[in-house]
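Participant: For the sequence shown, the numbering used here puts the final residue at 491, and the numbers step up evenly by one.
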Amino acid sequence: MDYEAVIGLEIHSELKTNTKIFCGCATTFGAEQNTHVCPVCLGLPGVLPTINRRVVEFAIKAGLATNCTINQYSKFDRKNYYYPDLPKNWQTSQYELPIAEHGWVDIDVDGQHKRVRLTRIHMEEDAGKLVHSGTTIKDSDSSNVDYNRTGVPLIEIVSEPDMSSAAEARAYMEKIKSILEYIDVSNCRMEEGNLRADINVSLRPVGSTTLGTRTEMKNINSFKALEDAINYEIERQAEVLDEGGKIVQETRTWNPERGITQSMRSKEEAHDYRYMPEPDLPPIITSAEEIEEFRRSLPELPDARRQRLINSFGLSEYDAGIITSSRAMAEYFDAVVDEGADPKIAANWIMGDLSKNLNADGLTIEQSPVEAKRLAQMIALIDKGTISGKIAKTVFVEMWKSKDAPDKIVADKGLVQITDTSAIEGVVDDVIAKNPKAVAEYKSGKKKAIGALVGQIMKATKGKANPQLVNQMLAQKLG
Ligand code: ADP
Ligand code: ZN
Ligand code: MG
């Protein structure tokens, strides 16, 4: 049987507020355990929560940036469950009337364009963190609870089951990450758990329009794990179905060491959570004017920025997509172009040598030792013919190490391109004299033979000869 995969994601993103969602405790990551706590986030009796205004603002911005309708009347609900990471024994979340609904984002996979619909975005508090004495809860004698994360604000972004491959799910999550970074509401550091996804996967026969039974993998916090877990789950489910079995609706965990998903528990239904209205918080009422103000405050978003790079600078869709996938990279690109560099050449350097060096040194583009201005200066030297594109690679490495200006490096290291015929005439004559075979071939009509001669001249001048000039001189001398 041929199956089609059906995938829906619930993405949790911690918001980058200074303080927690219902109290004034700090949200800083990595603090000593249980130092950012107070009676409110510890759920002590008799305390009352107060909503952090900034959380509502960030959630509305996320909704607007993903084409959602903002609910002017929204409220909190209690999601009840009993587990030590939540001292109140319920999570203050939104159920009935979330802050935002019915949005969409566009993704491109292998040149195919697709729209993924968002069901909703709601606000909630994060839970604490259990630290087991062993590696897993099963082989531990005891577990400690760190409540620093309890009450850190989250938005949960729920998609419709609109994706049908691991690549599409990844592209969707990358798009959401990029949007949240652009609007500056989350740090999106997946390795710190700022951004994580629950993935829901089911199969159905190709052509069918009804949904199959799904399984859910929680807290996936890398793009690799996301793709691997989905691909594994698609294969596992296909095998079960092919053998005439039924998929059990359950929560599974992704085991990255073994590269498999494992059954964890049967899936709870909404009614298991006994959702009920949160009586301690008033509804959140947002006026149409306030919403419009938030809309106006949004920056240029990734898709618009990408289109701008295509339209104004003639970048390819692919290149523009890479440059704008991160706001910091897009800003770096704009800065290089503002300094007068040719956009396509700037894009090539950013996606090539710059990205390669950043990856190798584990740096973000904001930490690049080569500033946008320096890269633009170097591109200007190529433009003027002071250095060749090949020498530029050496200059780039030197800039990376010393942070010096490119013209200083060129002067110090004597890397100026030779554009004066008299300076290389001797070398050209020498190479002609030493390569009678290539010369004869060229003269007999094999024009390609000139390449070997150019190569030798470039080598003899350590790459400093202007290749065009060398070609001209050879053609002239050989008739
Ligand atoms: P929860 O998992 O918390 O009970 P929902 O019922 O709203 O919440 O579903 C969560 C996610 O599961 C959504 O992203 C939705 O698109 C996805 N989903 C629902 N049904 C299926 C299905 N049959 N196959 C794949 N994904 C599904
Ligand atoms: Zn607190
Ligand atoms: Mg779920």
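In this text, a Cβ means the ideal position worked out from N, Cα and C, and glycines have one as well.
Using a threshold of 7 Å, is the CB atom of Glu-180 nearer than that to any non-hydrogen atom of the ligand ADP?
Facilitator: It does not: the Cβ of Glu-180 is nowhere closer than 7 Å to a heavy atom of the ligand ADP.
Participant: From this set, Lys-385, Pro-314, Arg-90 and Val-422, which residue's C-alpha is nearest Val-348's C-alpha?
Facilitator: Out of Lys-385, Pro-314, Arg-90 and Val-422, Lys-385 has the C-alpha closest to the C-alpha of Val-348.
Participant: From the DSSP output, in three-state form, read off Gly-364 for me.
Facilitator: The answer is helix: DSSP assigns Gly-364 an H, G or I state.
Participant: Give the DSSP-derived three-state secondary structure of His-48 in the structure shown.
Facilitator: If DSSP states are grouped into helix, strand and coil, His-48 belongs with coil.
Participant: Pick out whichever of Gln-103, Ile-242, Asp-365 and Lys-415 has its Cα sitting closest to the Cα of Gly-401.
Facilitator: The residue with the shortest Cα to Cα distance from Gly-401 is Asp-365.
Participant: Please determine whether the Cβ atom of Ser-155 lies at a distance below 7 Å from any heavy atom of the ligand ADP.
Facilitator: No, the ligand ADP has no heavy atom inside 7 Å of this Cβ.
Participant: Would the region 171-178 and the region 122-131 be scored as touching if the rule is three or more Cβ pairs under 8 Å?
Facilitator: Touching, per the Cβ criterion.
Participant: Check whether the region 317-325 touches the region 348-364, taking contact to mean three or more Cβ pairs, one atom from each stretch, closer than 8 Å.
Facilitator: The region 317-325 is in contact with the region 348-364.
Participant: Name the residue from Arg-317, Gly-333, Val-482 and Met-390 whose alpha carbon lies nearest to the alpha carbon of Leu-465.
Facilitator: Comparing Cα positions, the closest option is Val-482.
Participant: Residue range of the beta strand (DSSP E) that Met-135 falls in?
Facilitator: Where Met-135 is concerned, the enclosing beta strand (DSSP E) stretches over 124-137.
Participant: Within the continuous beta strand (DSSP E) that includes Thr-263, where are the two ends?
Facilitator: Here the beta strand (DSSP E) through Thr-263 covers 262-267.
Participant: So if DSSP puts Thr-273 in a beta bridge, which residue, or which two residues, is it bridged to?
Facilitator: Answer is Trp-266, bridged to Thr-273.
Participant: Could you check if Lys-476 is buried or exposed, using at least 16 other CB atoms within 10 Å of its CB as the buried criterion?
Facilitator: That one is buried.
Participant: Indicate the three-state DSSP secondary structure (helix, strand or coil) for Ala-17 in the structure shown.
Facilitator: Three-state result, Ala-17: strand.
Participant: Closer than 7 Å: is that where the CB of Asn-243 sits relative to any heavy atom of the ligand ADP?
Facilitator: For the ligand ADP, not one heavy atom lies less than 7 Å from the Cβ of Asn-243.
Participant: Please state whether DSSP places Arg-90 in a helix, a strand or coil.
Facilitator: Arg-90: strand per DSSP, three-state reduction.
Participant: For Asn-231 versus Met-202, is the C-beta distance shorter than 8 Å?
Facilitator: The answer is no: Cβ separation not under 8 Å.
Participant: Name the DSSP bridge partner or partners of Glu-113?
Facilitator: According to DSSP, Glu-113 bridges with Thr-81 and Arg-132.
Participant: Can you list, in chain order, the residues of its chain whose CB lies under 7 Å from that of Asp-292, leaving out five sequence neighbours each side?
Facilitator: So the qualifying residues of the chain are Leu-60 and Pro-61.
Participant: Report the CB separation of Asp-66 from Thr-29 in whole angstroms; it is logged as a contact under 8 Å.
Facilitator: Looking at the sequence shown, residue 66 is not Asp but Arg. Yes, they are in contact, since the Cβ atoms of Arg-66 and Thr-29 sit about 5 Å apart, within 8 Å.
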